[in-house]
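A.B. asks: Right, I'll just put the structure down here and ask away after.
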Amino acid sequence: MLLARPPDLAPRAPWPDMPLVVWPAALAMWGPGDASSRHAHHAMHLLLRREGTLTFRAGTAKGDSRAAGVLVGPDVPHAIDATGGDVILLFIEPESQDGERLRASLDSPARLFDEAARDALLARLPRKGPIAHEAIGPWMEATLEALAGPTEAPAPRMHPRVRKLLRHLRAEPAPEDTSLEALSEVAGLSSGRLMHAFTESTGVPLRPYLLWLRLQRAAGALASGRTAGEAAHAAGFSDAAHLTRTFRRMFGTTPSFLQRRSQFVQAKARPTDAS
């Protein structure tokens, strides 16, 4: 089962007017489709057109493919045109355990979905009109399992020192010092033990987790109306240019892309056990 959340670390919105869940390592957005020129980014992503089809081109291919959706591996050059309709876009951290499972399920740089396969993936959501924020988490859980297959390994128990560190990292305002030495001191574990326990407990290595958490803080700030500079400062980036570069590397787009979306949600992409 994916996306299960420890009850004492329930997802919450860091800015009250934004339907945002801060919990790496997946990010979902929905809204009007867009067109992109050839680009690449590190996060895997699934893009589904709610109705109709999109055009997709991977790598150096000369011709476009038509499909109702596409799953693209990390760092794969591609271009997509999904204008003229609504889409759901799901980014997945490739270093997370679910990201690794998805990568293993791909036998090519990208996987195309016909309309029947798209309809099956969107069966839990309305085909038209608004999508309820609370419906996205269960949809992400079902979709990742449908794409990667059910996980065979039992969910690991969350290390109590990792649980303590997660509370520290998610506090408001965000902690300024996230060096390994500082985080090891907060957790009360050696650096090596912390990195091992963190990955075992969350399914995401510590450094990718920290980056996604910072990106999500910035995304929440942007969506609540803050400028790129203000969002960068709130999330611990040096300036707006640094934030923009990181967004491009991870998501293949700019912070302003998120500002144009009225709703998005983030959630962790692997179960943990709070007991």
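With numbering that gives the first Met the number 0, the residue at position 273 of the sequence shown is 272, and numbering never jumps.
The C-beta atom is built at its ideal place from N, Cα and C for all residues, glycine as well.
Model, not experiment: these values are computed from the prediction.
Please list, in chain order, all residues of the same chain as G58 whose beta carbon is under 8 Å from its beta carbon, the five residues on each side excluded.
C.D. replies: On the sequence shown, residue 58 is found 59 positions in, with the first residue counted as 1. Contacts found: V75, P76, H77, P108.
A.B. asks: Does the count of Cβ pairs from the region 21-40 and the region 235-250 closer than 8 Å reach three?
C.D. replies: Yes, the region 21-40 is in contact with the region 235-250.
A.B. asks: Looking at G30: is its Cβ nearer than 8 Å to the Cβ of D85?
C.D. replies: Here residue 30 is taken as the residue at index 31 of the sequence shown, counted from 1. Here residue 85 is taken as the residue at index 86 of the sequence shown, counted from 1. The answer is yes: Cβ separation under 8 Å.
A.B. asks: Can you have a look at T198 and say buried or exposed, based on whether 16 or more other CB atoms are within 10 angstroms of its CB?
C.D. replies: Stepping through the sequence shown from its first residue, residue 198 is reached at position 199. Per the 10 Å Cβ criterion, buried.
A.B. asks: Give the C-beta separation of G68 and R100 to the nearest angstrom, bearing in mind that I take them to be a contact with Cβ-Cβ under 8 Å.
C.D. replies: Stepping through the sequence shown from its first residue, residue 68 is reached at position 69. Stepping through the sequence shown from its first residue, residue 100 is reached at position 101. Rounded, the Cβ-Cβ distance is 19 Å, inconsistent with contact.
A.B. asks: Hey, quick one: how far does the alpha helix (DSSP H) through A181 stretch, first residue to last?
C.D. replies: The sequence position of residue 181 within the sequence shown is 182, counting from 1. Here the alpha helix (DSSP H) through A181 covers 179-186.
A.B. asks: If you follow the beta strand (DSSP E) that S200 is part of, which residue opens it and which one closes it?
C.D. replies: What you label residue 200 is simply residue 201 of the sequence shown in a count that begins at 1. Element bounds for S200: not the beta strand (DSSP E) but the alpha helix (DSSP H), 190-201.
A.B. asks: Could you pull out every residue in the same chain whose Cβ sits closer than 6 Å to the Cβ of A81, ignoring the five residues on either side in sequence?
C.D. replies: As a working note, residue 81 is residue 82 in the sequence shown. Only G32, R48, L53 meet the Cβ criterion.
A.B. asks: Buried or exposed, going by whether 16 or more other CB atoms sit within 10 Å of the CB of E175?
C.D. replies: The sequence position of residue 175 within the sequence shown is 176, counting from 1. The residue is exposed, with fewer than 16 neighbouring Cβ atoms inside 10 Å.
A.B. asks: For the candidate residues L209, R216, T243, V161, whose alpha-carbon lies nearest to that of L188?
C.D. replies: On the sequence shown, residue 188 is found 189 positions in, with the first residue counted as 1. Among L209, R216, T243, V161, the Cα nearest to that of L188 belongs to V161.
A.B. asks: Of the residues R166, G83, L46, G72, which one's Cα is nearest the Cα of F112?
C.D. replies: Here residue 112 is taken as the residue at index 113 of the sequence shown, counted from 1. The residue with the shortest Cα to Cα distance from F112 is L46.
A.B. asks: What residue range does the alpha helix (DSSP H) around A60 cover?
C.D. replies: Within the sequence shown, residue 60 is the residue found at index 61, counting from 1. No alpha helix (DSSP H) contains A60, which DSSP labels as neither H nor E.
A.B. asks: Three-state secondary structure (DSSP) at A9?
C.D. replies: For the purposes of this step, residue 9 is identified with residue 10 of the sequence shown, where counting begins at 1. Any reading at A9 must be qualified, since the residue scores a pLDDT of 37, below 50, and its modelled position is unreliable; the value itself is stated next. Looking at A9 - three-state DSSP - the assignment turns out to be coil, as it is neither helix nor strand.
A.B. asks: Spell out the partners DSSP gives I79 in its beta bridges.
C.D. replies: By one-based count along the sequence shown, residue 79 stands at place 80. Beta-bridge pairing links I79 to F55.
A.B. asks: At which residues does the beta strand (DSSP E) containing A170 begin and terminate?
C.D. replies: Here residue 170 is taken as the residue at index 171 of the sequence shown, counted from 1. Neither: A170 is in no beta strand (DSSP E) and is coded neither H nor E.
A.B. asks: What would DSSP say about H38, mapped onto helix, strand or coil?
C.D. replies: Taking the first residue of the sequence shown as 1, we reach residue 38 at position 39. Of the three classes helix, strand and coil, the one that applies to H38 here is strand, per DSSP.
A.B. asks: For A34, count the other beta carbons within 10 Å of its own beta carbon; 16 or more makes it buried, fewer makes it exposed. Which is it?
C.D. replies: In the sequence shown, the residue the question calls residue 34 occupies position 35. Exposed: under 16 other Cβ atoms inside 10 Å.
A.B. asks: Report the three-state DSSP secondary structure of H241 (helix, strand or coil).
C.D. replies: Indexing the sequence shown from 1 puts residue 241 at position 242. Residue state, collapsed to three classes: helix.
A.B. asks: Tell me the DSSP secondary structure of R213 in three-state form.
C.D. replies: As a position in the sequence shown, residue 213 is number 214, starting the count at 1. Helix.
A.B. asks: Rounded C-beta distance between A227 and T243? I'm assuming under 8 Å.
C.D. replies: Taking the first residue of the sequence shown as 1, we reach residue 227 at position 228. Taking the first residue of the sequence shown as 1, we reach residue 243 at position 244. Contact holds; Cβ gap of about 7 Å.
A.B. asks: Considering only residues of the region 90-150, which uninterrupted beta strand (DSSP E) runs meet the minimum length of 3 residues and lie entirely inside it, listed in chain order?
C.D. replies: Correct list: 109-112.
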